[in-house]
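Here is the structure we will look at.
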Amino acid sequence: MNKQLKNWNTWYILLAVALVFQIVFYYLFTKIWA
Amino acid sequence: MSNIDWIVLIFTLVVVVVYGVFIGRGQKSNESYLKADNKMPWYIVLLGIMATQASAITFLSAPGQAYTDGMRFVQYYFGLPLAMIVICITFIPIFQRLNVYTAYEYLENRFDKKTRVLTSLLFLFSRGLSTGISIYAPSIILSSVLNWNIYLTNVLTGGILLIYTYVGGAKAIAHTQKLQFLIILGTMAFAGYLLIQNMPNGIGFKDALYLAGKSGKLNVITTEFDWKDKYNIWSGLIGGFFLALSYFGTDQSQVGRYITAKDNTNAKMGLLLNGLVKIPMQFAILLIGALLFAFFSLKPAPIYFNERSYQYLKETKPEQAAAFEKEHNALQLKFNAESRAILKLKENKSQSLNNTIDDFKNTQMQVKELHGKVEEAINNSNYNAEKTDTNYIFLYFVKNTLPVGMIGLLFAVIFLASWGSISAALNSLAACSLKDVHLIFKKETPDDETELKYSRLHTLAWGIFSIAVAMFATQMGSLIEAVNVLGSLFYGPILGIFLVAFYYKKIDGPNVFISAILSEIAIIAVYKFDIVSFLWLNVIGAAAVIIFSAIGLLFYKPKAVNS
Numbered sequence: 000m001n002k003q004l005k006n007w008n009t010w011y012i013l014l015a016v017a018l019v020f021q022i023v024f025y026y027l028f029t030k031i032w033a
Numbered sequence: 000m001s002n003i004d005w006i007v008l009i010f011t012l013v014v015v016v017v018y019g020v021f022i023g024r025g026q027k028s029n030e031s032y033l034k035a036d037n038k039m040p041w042y043i044v045l046l047g048i049m050a051t052q053a054s055a056i057t058f059l060s061a062p063g064q065a066y067t068d069g070m071r072f073v074q075y076y077f078g079l080p081l082a083m084i085v086i087c088i089t090f091i092p093i094f095q096r097l098n099v100y101t102a103y104e105y106l107e108n109r110f111d112k113k114t115r116v117l118t119s120l121l122f123l124f125s126r127g128l129s130t131g132i133s134i135y136a137p138s139i140i141l142s143s144v145l146n147w148n149i150y151l152t153n154v155l156t157g158g159i160l161l162i163y164t165y166v167g168g169a170k171a172i173a174h175t176q177k178l179q180f181l182i183i184l185g186t187m188a189f190a191g192y193l194l195i196q197n198m199p200n201g202i203g204f205k206d207a208l209y210l211a212g213k214s215g216k217l218n219v220i221t222t223e224f225d226w227k228d229k230y231n232i233w234s235g236l237i238g239g240f241f242l243a244l245s246y247f248g249t250d251q252s253q254v255g256r257y258i259t260a261k262d263n264t265n266a267k268m269g270l271l272l273n274g275l276v277k278i279p280m281q282f283a284i285l286l287i288g289a290l291l292f293a294f295f296s297l298k299p300a301p302i303y304f305n306e307r308s309y310q311y312l313k314e315t316k317p318e319q320a321a322a323f324e325k326e327h328n329a330l331q332l333k334f335n336a337e338s339r340a341i342l343k344l345k346e347n348k349s350q351s352l353n354n355t356i357d358d359f360k361n362t363q364m365q366v367k368e369l370h371g372k373v374e375e376a377i378n379n380s381n382y383n384a385e386k387t388d389t390n391y392i393f394l395y396f397v398k399n400t401l402p403v404g405m406i407g408l409l410f411a412v413i414f415l416a417s418w419g420s421i422s423a424a425l426n427s428l429a430a431c432s433l434k435d436v437h438l439i440f441k442k443e444t445p446d447d448e449t450e451l452k453y454s455r456l457h458t459l460a461w462g463i464f465s466i467a468v469a470m471f472a473t474q475m476g477s478l479i480e481a482v483n484v485l486g487s488l489f490y491g492p493i494l495g496i497f498l499v500a501f502y503y504k505k506i507d508g509p510n511v512f513i514s515a516i517l518s519e520i521a522i523i524a525v526y527k528f529d530i531v532s533f534l535w536l537n538v539i540g541a542a543a544v545i546i547f548s549a550i551g552l553l554f555y556k557p558k559a560v561n562s
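If you're matching them up, the sequences are chains A and B in order.
If you count by numbering that gives the first Met the number 0, then the first sequence holds residues 0 to 33, one letter each, in order.
If you count by numbering that gives the first Met the number 0, then the second sequence holds residues 0 to 562, one letter each, in order.
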């Protein structure tokens, strides 16, 4: 695996993690406010 | 609108057109015209992708959607970031390596000419008609709110952008989209700020949020699964993933944006950042709608936001309208009083808070029922323009609450949002009809200058076609909805063809061609029998192509396959 691909994989994982954090945030938002 | 609003509106639109023509001038080759010489940096790719997806209806309809149904619509976008990752891994490297003009060009390389032409024709058919509807949809709203002639509004919405799209092609589109989207985001953010500022004295953001929450508008996450429910976390993650994969990976109006990037890195960065910011942006737009509900819980709301259609009812059935208004006025007074009482009791942490919230919800239900009756009466009348109310909620607030200048800017935003997505659609339609159809059946390859001329003519022809569809849309009635679902009917099978191309190396052209046609028939049957909500049609359509292709392998031995 070359270095660039390895770097891209890190970005893909970060984006997936950001999605999980967002869903958790929206879930808590719904729980607190709705 | 005041004179200042007119000046702001015209000035903003003229600046964008002049900027587009200026930056896109001097096109010398077709590569430059259709792919902007592959020189676009990531941030222009990002803004282009976002401006293409966000049409005027996005900004008009989303706040209305949150106002009526709550914020759960945001779940529709949950699959998008995952789709961006798959596109970066699979689609972009192949499109960049083959240096394609259209996504479907790759299918000739992988399968055969007829699969390329079939897929491109499916795209041209659905996108061609839907571009006409995306001109008509904001035009009918603007013509109603501003009392403009619908035909003239169609020309303003779909015609003026043709000037810079025709002259400057992909480069002009990319740069104007950048400018358009920055103006749109800035204006929407300011409108959100003014909404909070215009709440009654002493009521701030938190209070408005509290009221919106108690009225059920902040239901961002809904976890109950139902095949027929459009927006829940499951349909959003799975159905939304397949929809975003089809749209960003196989729809030329999006592919045509990121193939203009300098290189793989800039294209991928644009797409990944789109995956990061799309959901928060949509959340913010929907939040405006939820806060608008709080606003109209505290201040007098009209009986129907689509004022022209209600006016028609009032003129044709005055007695029925008077009865509606009497009931509405009484309910409004009660609803406003209960909303204020809730905020007061909330601060004092009073025991009677829960009882007041129950009363508030009860009145909210009565308001909704009355609204349903008014809607039914309007639907049963002979009013021949748009009868629905949702798309008018935000504009009602803009027109009646925002300061002079801001109203003109907001109306400019509606035009700019339309132009951003329509110009990208026209450019992509021209690229496909020229490269995948016209030149395929032409014996001699034309020189670059002639090809550029053809590209411009195709752009112009699609522009005129789309405006013509918009003009006929008034007479189309229920056909408009049929055009809107066309995308969902074609997206799944188109995605299926690409997934087979990328991941199922044993399948060849004749097999996938027949599988695609069978899948199209299957998906129309599923839609016709109303088995699932539209988001699932993408999943089923894509899966059908893969399954039919696999079955085909049992009966048919492929020749050598290109990979």
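Ideal placement from N, C-alpha and C gives every residue a C-beta, glycine not left out.
Distance check for residue j and residue i, CA to CA, integer angstroms please.
i, j, result
"residue 132(B)", "residue 236(B)", "27 Å"
"residue 213(B)", "residue 350(B)", "16 Å"
"residue 152(B)", "residue 421(B)", "15 Å"
"residue 315(B)", "residue 378(B)", "13 Å"
"residue 0(A)", "residue 85(B)", "Reliability of the predicted coordinates at residue 0(A) is poor, the pLDDT of 46 falling under 50, and no value is obtained from them."
"residue 281(B)", "residue 394(B)", "18 Å"
"residue 292(B)", "residue 436(B)", "49 Å"
"residue 357(B)", "residue 381(B)", "38 Å"
"residue 20(A)", "residue 77(B)", "12 Å"
"residue 120(B)", "residue 250(B)", "12 Å"
"residue 489(B)", "residue 157(B)", "24 Å"
"residue 588(B)", "residue 96(B)", "In the structure as shown, chain B begins at 0 and stops at 562. Residue 588(B) is therefore absent and cannot be evaluated."
"residue 55(B)", "residue 417(B)", "5 Å"
"residue 333(B)", "residue 368(B)", "15 Å"
"residue 29(B)", "residue 42(B)", "23 Å"
"residue 13(B)", "residue 25(B)", "20 Å"
"residue 148(B)", "residue 233(B)", "43 Å"
Can you tell me whether residue i is buried or exposed, with buried defined as 16 or more other CB within 10 angstroms of its CB?
i, result
"residue 82(B)", "buried"
"residue 49(B)", "buried"
"residue 541(B)", "buried"
"residue 331(B)", "buried"
"residue 11(A)", "buried"
"residue 364(B)", "exposed"
"residue 388(B)", "buried"
"residue 192(B)", "exposed"
"residue 461(B)", "buried"
"residue 17(B)", "exposed"
"residue 576(B)", "Residue 576(B) lies beyond the stretch modelled for chain B, which goes from 0 to 562, so this question has no answer here."
"residue 568(B)", "There is no way to answer for residue 568(B), as the model of chain B reaches only from 0 to 562."
"residue 1(B)", "exposed"
"residue 145(B)", "exposed"
"residue 223(B)", "exposed"
"residue 492(B)", "buried"
Name the residue from the options whose alpha carbon lies nearest to the alpha carbon of residue i.
i, options, result
"residue 580(B)", "555(B), 73(B), 39(B)", "Outside the shown range of chain B (0 to 562) lies residue 580(B), about which nothing can therefore be said."
"residue 370(B)", "17(B), 246(B), 67(B)", "67(B)"
"residue 487(B)", "538(B), 265(B), 234(B), 70(B)", "538(B)"
"residue 40(B)", "269(B), 517(B), 468(B), 367(B)", "269(B)"
"residue 502(B)", "36(B), 109(B), 7(B)", "109(B)"
"residue 64(B)", "414(B), 511(B), 390(B), 6(B)", "390(B)"
"residue 80(B)", "271(B), 381(B), 118(B), 233(B)", "271(B)"
"residue 373(B)", "396(B), 47(B), 311(B)", "311(B)"
"residue 94(B)", "220(B), 146(B), 257(B)", "257(B)"
"residue 384(B)", "438(B), 471(B), 466(B)", "471(B)"
"residue 115(B)", "128(B), 100(B), 129(B), 127(B)", "100(B)"
"residue 392(B)", "287(B), 361(B), 412(B)", "287(B)"
* Asked: For the segment 361-375 of chain B, which residues have a CB atom closer than 7 Å to at least one CB atom of chain A, in sequence order?
  -> If the cut-off is 7 Å between Cβ atoms, the segment 361-375 of chain B has nothing near chain A.
* Asked: Are the segment 99-114 of chain B and the segment 299-308 of chain B touching by the rule of at least three beta carbon pairs closer than 8 Å?
  -> No contact exists between the segment 99-114 of chain B and the segment 299-308 of chain B.
* To do: With 9 Å as the limit, tell me which residues of the segment 207-233 of chain B have their beta carbon closer than that to any beta carbon of chain A; keep them in chain order.
  => Listed in sequence order: 208, 209, 211, 212, 213, 215, 216, 217, 218, 219, 220, 221, 222, 232.
* Asked: Got a sec: which bits of the segment 5-30 of chain A sit with their beta carbon under 8 Å from any beta carbon on chain B, in order along the chain?
  -> Those residues of the segment 5-30 of chain A that come within reach of chain B (Cβ to Cβ, closer than 8 Å) are 7, 10, 11, 14, 15, 17, 18, 21, 22, 25, 26, 28, 29.
* Asked: Does the segment 132-150 of chain B come close enough to the segment 516-536 of chain B to have 3 or more Cβ pairs within less than 8 Å?
  -> Not touching, per the Cβ criterion.
* Taking any Cβ of chain A, which residues in the segment 82-115 of chain B have a Cβ under 8 Å from it, in chain order? -> Correct list: 83, 84, 87, 88.
* Spell out a yes or no on whether the segment 260-278 of chain B and the segment 6-21 of chain A are touching, meaning 3 or more CB-CB pairs, one atom from each, closer than 8 Å. => Touching, yes.
* To do: Could you say if the segment 67-81 of chain B and the segment 190-205 of chain B meet the contact criterion of at least three C-beta pairs nearer than 8 Å?
  => Output reads no: the segment 190-205 of chain B does not touch the segment 67-81 of chain B.
* Residues, ordered as in the chain, of the segment 132-161 of chain B that lie near chain A by beta-carbon distance below 7 Å -> Against chain A - using a Cβ distance shorter than 7 Å - the segment 132-161 of chain B contributes no residues.
* To do: Pair every Cβ in the segment 181-189 of chain B with every Cβ in the segment 408-421 of chain B, then say whether three or more of these pairs are closer than 8 Å.
  => Contact between the segment 181-189 of chain B and the segment 408-421 of chain B is present, with at least three C-beta pairs closer than 8 Å.
* Sufficient close CB pairs (3 or more, under 8 Å) joining the segment 314-328 of chain B to the segment 232-247 of chain B -> At 8 Å Cβ cutoff, the stretches do not touch.
* Validate contact between the segment 335-350 of chain B and the segment 426-441 of chain B using beta carbons, cut 8 Å, 3 pairs -> Contact fails: fewer than three Cβ-Cβ distances are below 8 Å.
* To do: Mind the definition here: the segment 26-42 of chain B touches the segment 164-181 of chain B only if three or more C-beta pairs lie below 8 Å; say whether that holds.
  => Segments in contact, yes.
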